[in-house]
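Asker: One structure follows; several queries about it will come next.
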Amino acid sequence: MKKEILLYMSDQHSHRLQGWAGDSVVRTPMMDRLAREGTAMTNAMTSCPLCVPARASLISGQLPSNNGVLFNFNAISTDQATFLHSLTASGYETVLCGRMHFVGPDQRHGYARRIAGDRTPVFHNNPPVPPEQQGKPRVIGFDENSSVYYIGGGDSPVLAYDRYVTERAVGYLAEDHDKPQFLTVGAYGPHFPYVAPPELYDYYLDKVSLEDVKAPDWEHPALAGKMRETDPEVVRAARAAYYGLTETVDRNMEMVYNAFQDYLRRTGREGIFIYISDHGDMNGNRGYFGKQVFYDPSVHIPFLMAGSGIPAGKRIESPVSLLDVGPTICQLAGAEVLPGDGKSLAPLLEGGEDPDRMVVSEQYTYLAAGGSSLGRMVRWKNWKFVTYSGFSGEDLLFDMEKGPGELENVIARHPDTAACLRKEAEKYRSYEQVMEHERWVLRQLRVLMACDYEDTVSNPRSIREIELEATFVISASCSWVMPCSLRMRCIACPPCLKSTSIPPTSMFHPYYERTRRVNSRTL
Numbered sequence: 000m001k002k003e004i005l006l007y008m009s010d011q012h013s014h015r016l017q018g019w020a021g022d023s024v025v026r027t028p029m030m031d032r033l034a035r036e037g038t039a040m041t042n043a044m045t046s047c048p049l050c051v052p053a054r055a056s057l058i059s060g061q062l063p064s065n066n067g068v069l070f071n072f073n074a075i076s077t078d079q080a081t082f083l084h085s086l087t088a089s090g091y092e093t094v095l096c097g098r099m100h101f102v103g104p105d106q107r108h109g110y111a112r113r114i115a116g117d118r119t120p121v122f123h124n125n126p127p128v129p130p131e132q133q134g135k136p137r138v139i140g141f142d143e144n145s146s147v148y149y150i151g152g153g154d155s156p157v158l159a160y161d162r163y164v165t166e167r168a169v170g171y172l173a174e175d176h177d178k179p180q181f182l183t184v185g186a187y188g189p190h191f192p193y194v195a196p197p198e199l200y201d202y203y204l205d206k207v208s209l210e211d212v213k214a215p216d217w218e219h220p221a222l223a224g225k226m227r228e229t230d231p232e233v234v235r236a237a238r239a240a241y242y243g244l245t246e247t248v249d250r251n252m253e254m255v256y257n258a259f260q261d262y263l264r265r266t267g268r269e270g271i272f273i274y275i276s277d278h279g280d281m282n283g284n285r286g287y288f289g290k291q292v293f294y295d296p297s298v299h300i301p302f303l304m305a306g307s308g309i310p311a312g313k314r315i316e317s318p319v320s321l322l323d324v325g326p327t328i329c330q331l332a333g334a335e336v337l338p339g340d341g342k343s344l345a346p347l348l349e350g351g352e353d354p355d356r357m358v359v360s361e362q363y364t365y366l367a368a369g370g371s372s373l374g375r376m377v378r379w380k381n382w383k384f385v386t387y388s389g390f391s392g393e394d395l396l397f398d399m400e401k402g403p404g405e406l407e408n409v410i411a412r413h414p415d416t417a418a419c420l421r422k423e424a425e426k427y428r429s430y431e432q433v434m435e436h437e438r439w440v441l442r443q444l445r446v447l448m449a450c451d452y453e454d455t456v457s458n459p460r461s462i463r464e465i466e467l468e469a470t471f472v473i474s475a476s477c478s479w480v481m482p483c484s485l486r487m488r489c490i491a492c493p494p495c496l497k498s499t500s501i502p503p504t505s506m507f508h509p510y511y512e513r514t515r516r517v518n519s520r521t522l
C-alpha cells in the first residue's frame with residue numbers, strides 16, 4: 000500500500016531558528032521532535048532566495064534559469080509536468096491546502112484538489128479592492144523595503160491566514176479518503192510583517208541576541224543600495240517578532256502533525272511527514288532583512304523528514320537542495336522521477352553521505368545603479384562560492400566551518416577551490432541566455448499586469464475573502480495599530496478608533512517612531 004505523505008511548507012524560515020539546530024532561545028518543540036524521531040538535512044539550501052522562483056523550482060525540479068521563473072511575477076508553463084503530476088498519475092490524490100504562491104490562472108500545477116486558497120495576489124496584477132475597503136489604509140510591510148516599518152505584538156494577515164490554513168488542514172484530515180493522500184499544507188509564516196502574538200513578542204524581546212547585526216566593512220557591489228537597518232533596538236524588535244512567528248509556525252505544524260497521526264491510526268495506513276521552507280530571512284544579520292542574498296540566513300532552510308521508513312535521529316551533512324524534494328517524494332511514493340536539476344535523497348536516507356555533491360542557488364538581482372545581474376551560489380562540503388554576472392574579479396569564497404559568519408572572503412588563499420566551484424556555476428545558462436527569455440517575459444507583463452480577473456480558481460473560498468477576513472481580524476481586535484501619541488497612521492482600523500485605549504502588549508514597539516525617521520517615510 001502506498002504511504003500517505005504530508006508536506007508542510009512555511010515561508011521564509013531560516014534553518015538556524017530551530018532548537019535542534021542550535022538556537023537556545025527559540026522554542027520549536029515540533030521541529031525538534033521531527034529531528035529526533037526522523038532525519039534532518041543539516042545543509043539544505045534553497046534554489047533561489049525569493050518566494051515564487053523557489054516554489055517554481057520545488058515543483059518543477061529545475062533551477063530558475065532552466066524553468067524561466069526568476070522573479071515573483073513569473074510562472075512555469077501550465078503544460079509542464081511537475082512532481083505533483085507524477086504523484087497524481089501514480090494513484091495519489093494530490094491536495095493543496097494554502098500557500099504555494101502560484102501566479103496566473105493555473106492555481107494547481109498538478110494538484111488535483113485545492114482546499115484552501117492563497118492569500119497574495121495570484122494574477123499578474125493586484126486584485127480589485129472590494130467597495131467596502133476602498134479608501135481605507137492598506138496593510139503594508141510584506142516586502143523587504145517596508146518590513147521594518149511595522150513591528151510588534153498583535154495580529155496580522157499572516158497570522159490570520161495561517162489560522163485559516165491550519166483549520167482547513169485539520170478538518171480535511173478528520174475526513175476519510177479512499178486514495179492515498181499527498182497533502183501540502185502551505186503556511187505564510189514566519190514571513191514578515193514582523194508582528195507576532197503579543198505574549199510571544201514580549202517573551203522574546205529581551206532574549207534575542209544582536210551579535211550579528213553590525214554591517215561589515217565590505218560588501219559585494221551587486222548588493223549596493225539594498226535596504227539596511229542596524230539600529231539595535233529596531234533589530235531587537237524585528238528579531239523578537241520573527242522568533243515569535245517561528246514559534247507560531249511550530250505550534251500550527253504540531254496541530255497538523257497530530258491530525259495526520261490521528262488519520263494514520265484511524266485508517267491503519269503508514270505515512271511520512273516532511274517539513275520544508277522556501278527560503279530564509281536575514282532578520283537583521285549584517286543589517287539586512289528578508290532574503291535575496293546568498294548569506295546563510297537567507298539560503299539555508301530547514302528540511303526534516305519523519306515517519307514510516309525514515310531513520311530516526313539521522314543527520315545528513317552533505318549539501319542538499321530544495322530541488323531534491325520532488326524527486327525524493329516521488330521515489331518514496333513509487334512515482335516517476337522527472338528529469339531535472341535535483342536528485343532523490345532516498346539513497347542518503349538508506350545509506351551514507353554524498354560528499355562530492357554540489358548544490359546551486361540562483362538570484363536575479365536588480366542593481367542600484369541600473370541594470371541587473373544573475374547571481375549564483377555553489378555550496379560544496381564546507382565551501383560556499385558566490386558570483387554575480389558583470390562583476391569580474393568580485394567573486395566570494397567562504398569557509399563555512401572556519402568562518403561561519405561569512406565575514407572573510409578567502410578566495411585569494413584558495414584559488415583552486417574557487418576555480419572548481421566557478422566551473423560548476425558556469426555549467427548553467429549565462430546571464431545573456433537568461434535575459435533572452437526575461438525580455439520576452441517583461442513584454443508580456445506590460446499587457447498581463449493591465450488586466451483584471453475575477454478570482455474563480457480558489458476553492459472553497461476566494462483569495463479576496465481571505466484577504467478581507469485577515470484585514471477584518473486586525474480591525475476587530477484593534478491590536479495592530481500604532482498609538483496615536485506617536486503620530487502614526489492606523490494600518491487597518493478606521494479613523495474613529497484613533498482614541499481607543501490599547502493595552503501595551505498590543506502596541507507596536509515605540510522605537511518605530513525612530514524607524515520612521517531612519518527610513519524617511521511619511522505615513
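Mapping of the sequence shown onto numbering that gives the first Met the number 0: residues 0 to 522, in sequence order.
The beta carbon of each residue, even a glycine, is placed where N, CA and C say it ideally should be.
1) Measure the beta-carbon distance from G60 to G333 and round it to whole angstroms, keeping in mind my assumption that it falls under 8 Å.
2) Since L69 and E437 are thought to touch, with beta carbons under 8 Å apart, how far apart are those beta carbons, to the nearest angstrom?
3) Would you report the Cα separation of A305 and R250, rounded to the nearest angstrom?
4) Buried or exposed: A195, going by 16 or more other Cβ atoms within 10 Å of its Cβ?
5) Around the C-beta of M252, are 16 or more other C-beta atoms found within 10 angstroms, so that it is buried, or is it exposed?
6) For Y200 versus A240, is the C-beta spacing smaller than 8 Å?
7) If you count every other CB in all the chains shown that lies within 10 Å of the CB of M40, and 16 or more means buried, which is it?
8) Mind checking who L395 pairs with in its DSSP beta bridge?
9) How far does the alpha helix (DSSP H) with Y256 in it extend, from its first residue to its last?
10) Keeping to the same chain, check which residues put their C-beta closer than 6 Å to that of S457; ignore five residues upstream and five downstream.
11) Determine the extent of the alpha helix (DSSP H) in which K422 is found, giving its start and end residues.
12) Quick one: Cα of I328 to Cα of A411, how far?
13) Anyone know if the C-beta pair for H413 and L395 falls short of 8 Å?
14) Which value, in whole angstroms, describes the spacing of the CA atoms of K1 and L263?
15) Are at least three pairs of beta-carbons, each pair with one atom in the segment 204–221 and one in the segment 153–167, less than 8 Å apart?
16) Pick helix, strand or coil for R314, following the three-state DSSP scheme.
17) Report the option in A173, H278, A88 and I273 whose CA atom is closest to the CA atom of P303.
18) If you compare alpha carbons, which of L337, M357 and D295 is closest to E425?
19) Where does the unbroken beta strand (DSSP E) through F524 begin, and where does it stop?
20) Looking at A53 and I75, is the spacing between their C-beta atoms short of 8 Å?
21) When the Cα atoms are used, what is the spatial distance from G270 to E3?
22) What is the DSSP secondary structure of Y203, reduced to helix, strand or coil?
23) Kindly identify the DSSP beta-bridge partner or partners of F524.
24) In chain order, what residues of the same chain have a beta carbon less than 6 Å from the beta carbon of F471, not counting five sequence neighbours either side?
25) Less than 8 Å separating the beta-carbons of A221 and F390?
26) Taking 8 Å as the threshold (C-beta atoms), are S360 and S89 in contact?
27) From the DSSP output, read off the bridge partner residues of W379.
28) Candidates L322, A80, G153 and G312: which alpha carbon is nearest T247's?
29) Indicate whether W379 and D398 have their beta-carbon atoms separated by less than 8 Å.
30) Distance, Cα to Cα, H108 vs S320?
31) If we call anything under 8 Å between Cβ atoms a contact, is I315 one with G37?
32) Near D161, what residues of its chain come up, given a Cβ to Cβ distance below 6 Å and the 5 sequence neighbours on each side ignored?
33) Between the segment 286–294 and the segment 14–24, do three or more beta carbon pairs fall short of 8 Å?
34) Let me know if M448 comes out buried or exposed under the rule of 16 or more other beta-carbons within 10 Å of its beta-carbon.
35) Where S317 and R113 are concerned, what is the direct C-alpha to C-alpha distance, given to the nearest angstrom?
36) At which residues does the beta strand (DSSP E) containing V212 begin and terminate?
Answerer: Per the coordinate set shown:
1) 17 Å between Cβ atoms; not a contact.
2) The Cβ separation is near 6 Å, so the contact holds.
3) 17 Å
4) buried
5) buried
6) With a cutoff of 8 Å on beta-carbon distance, Y200 and A240 are scored as near each other.
7) buried
8) According to DSSP, L395 bridges with V385.
9) P231 to T266
10) At S457, the pLDDT of 42 sits below 50, so the modelled position is not reliable; the number obtained from the coordinates is stated separately. Excluding residues within five positions, the ones whose Cβ falls inside 6 Å are G116.
11) P414 to A424
12) 41 Å
13) In this structure, the beta-carbon distance from H413 to L395 does not fall below 8 Å.
14) 12 Å
15) no
16) Under the three-state reduction of DSSP, R314 is assigned to strand.
17) In the sequence as presented, Pro is not what sits at residue 303; that position holds Leu. Out of A173, H278, A88 and I273, I273 has the C-alpha closest to the C-alpha of L303.
18) M357
19) Because the chain in this structure spans residues 0 to 522, residue 524 falls outside the shown range and cannot be described.
20) no
21) 4 Å
22) helix
23) A question about residue 524 goes unanswered here, because the residues of the chain that appear run from 0 up to 522.
24) Annotation note: pLDDT 32 at F471 (below 50); position unreliable, no value reported.
25) yes
26) no
27) DSSP lists M357 and W382 as partners of W379.
28) The candidate whose alpha carbon is nearest that of T247 is G153.
29) No; because the gap between Cβ atoms is not below 8 Å, this pair is not in contact.
30) 21 Å
31) In this structure, I315 keeps its C-beta atom at 8 Å or more from the C-beta atom of G37.
32) A186, Y187, G188 and N251
33) no
34) Here M448 is exposed, its C-beta having fewer than 16 other C-beta atoms within 10 Å.
35) 34 Å
36) Here V212 belongs to no beta strand (DSSP E), and DSSP marks it neither H nor E.
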